[in-house]
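Heads up: the sequence shown runs through residues 1 to 228, numbered per the numbering used here.
Have a look at the structure below, then the notes.
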Amino acid sequence: MPHTAGMRRIEGLTATGIGHLHGGRWGAVRTGLAMLHSREAVVAGREGMVERAGSRPPGAEPLERALFAALYGDMGPRELAERPRVREAIGDVRRDLVRRGLVRPRWRRVLVPLALAVVPPLMLARLIDVIGASIGLAASVVLVGAACWFLPRRTVAGARALRQLRSLHPAPAGPGGTPATLGTAVALYGAQALLATMPVFARNSGLLDGGRWSVIHSDSSLRSSSAT
């Protein structure tokens, strides 16, 4: 029964969704660009950058379409990830993961640990005063442990889903496959899959390290790309 419930959570999950589950925003973007390259829609541009190679391919996932639409000239992959329409598409991917119970909402990851980190010191003084030092300290440890429980981005179900997906999709040994299978491989295995399936593109396009930033869009405020 738990296995069946777990399979329902990953049923219909897109490759970019798997990429986000595994590697956050960067994992989703890297997966989308790898799929676009496998569709011959994106190629390596100047060193550490990507550029279009044709028209938007049919059958692309929503995040792929957003990446393609936001790509003007050549841009570094992490720079491209900061474009507004790409950020919006990444948000849609994340919301789907939250709906499936695979990642925690941002508010829960921030507010719950914060509340549990602030309250214990106040309670500790009161508990020690009322029930003694040893029990008061133990209660505080439990609350702090609860705070740590909420810190991970993925839920327990999300971690289990990744294990199930890896058991269904072994790491690729070489190039070949459909955009969907290549995307799933990159989503699950990251750089290892990129180097196995598209090594030249991976190295030249910046998919391994985020790439370079263009002169036009080199705002330092965009460089703090998080994996949320």
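The C-beta atom is built at its ideal place from N, Cα and C for all residues, glycine as well.
Buried or exposed by the 16-neighbour rule on C-beta atoms within 10 Å, applied to residue i
{"i": "residue 197", "result": "buried"}
{"i": "residue 24", "result": "buried"}
{"i": "residue 79", "result": "buried"}
{"i": "residue 105", "result": "exposed"}
{"i": "residue 1", "result": "With a pLDDT of 39 at residue 1, under the threshold of 50, the modelled position of that residue is not reliable, and the figure given next carries that caveat. It counts as exposed."}
{"i": "residue 83", "result": "buried"}
{"i": "residue 173", "result": "exposed"}
{"i": "residue 209", "result": "exposed"}
{"i": "residue 73", "result": "exposed"}
{"i": "residue 103", "result": "buried"}
{"i": "residue 171", "result": "exposed"}
{"i": "residue 202", "result": "buried"}
{"i": "residue 200", "result": "exposed"}
{"i": "residue 41", "result": "buried"}
{"i": "residue 94", "result": "buried"}
{"i": "residue 27", "result": "buried"}
{"i": "residue 16", "result": "buried"}
Cα-Cα separation, residue i to residue j
{"i": "residue 18", "j": "residue 181", "result": "12 angstroms"}
{"i": "residue 136", "j": "residue 153", "result": "With a pLDDT of only 45 at residue 136, under the threshold of 50, the placement of this residue in the model should not be trusted; the figure read from the coordinates follows. Computed Cα separation, rounded: 30 angstroms."}
{"i": "residue 71", "j": "residue 51", "result": "7 angstroms"}
{"i": "residue 164", "j": "residue 14", "result": "15 angstroms"}
{"i": "residue 53", "j": "residue 8", "result": "37 angstroms"}
{"i": "residue 160", "j": "residue 169", "result": "14 angstroms"}
{"i": "residue 96", "j": "residue 89", "result": "11 angstroms"}
{"i": "residue 179", "j": "residue 39", "result": "6 angstroms"}
{"i": "residue 29", "j": "residue 186", "result": "11 angstroms"}
{"i": "residue 47", "j": "residue 37", "result": "16 angstroms"}
{"i": "residue 101", "j": "residue 158", "result": "7 angstroms"}
{"i": "residue 11", "j": "residue 183", "result": "16 angstroms"}
{"i": "residue 61", "j": "residue 55", "result": "15 angstroms"}
{"i": "residue 194", "j": "residue 34", "result": "8 angstroms"}
{"i": "residue 156", "j": "residue 162", "result": "10 angstroms"}
{"i": "residue 190", "j": "residue 167", "result": "16 angstroms"}
{"i": "residue 177", "j": "residue 99", "result": "30 angstroms"}
{"i": "residue 85", "j": "residue 188", "result": "24 angstroms"}
Nearest-angstrom beta carbon gap, residue j and residue i [assumed within contact, 8 angstroms]
{"i": "residue 212", "j": "residue 76", "result": "5 angstroms"}
{"i": "residue 44", "j": "residue 205", "result": "4 angstroms"}
One or two residues paired with residue i in a DSSP bridge
{"i": "residue 154", "result": "103"}
{"i": "residue 43", "result": "51"}
Any beta strand (DSSP E) of 3 or more consecutive residues that is wholly inside the region 49-97 | 50-52
Within the region 148-205, ranges of the alpha helix (DSSP H) (whole runs, at least 4 residues) = 156-168, 179-189, 191-197 and 199-205
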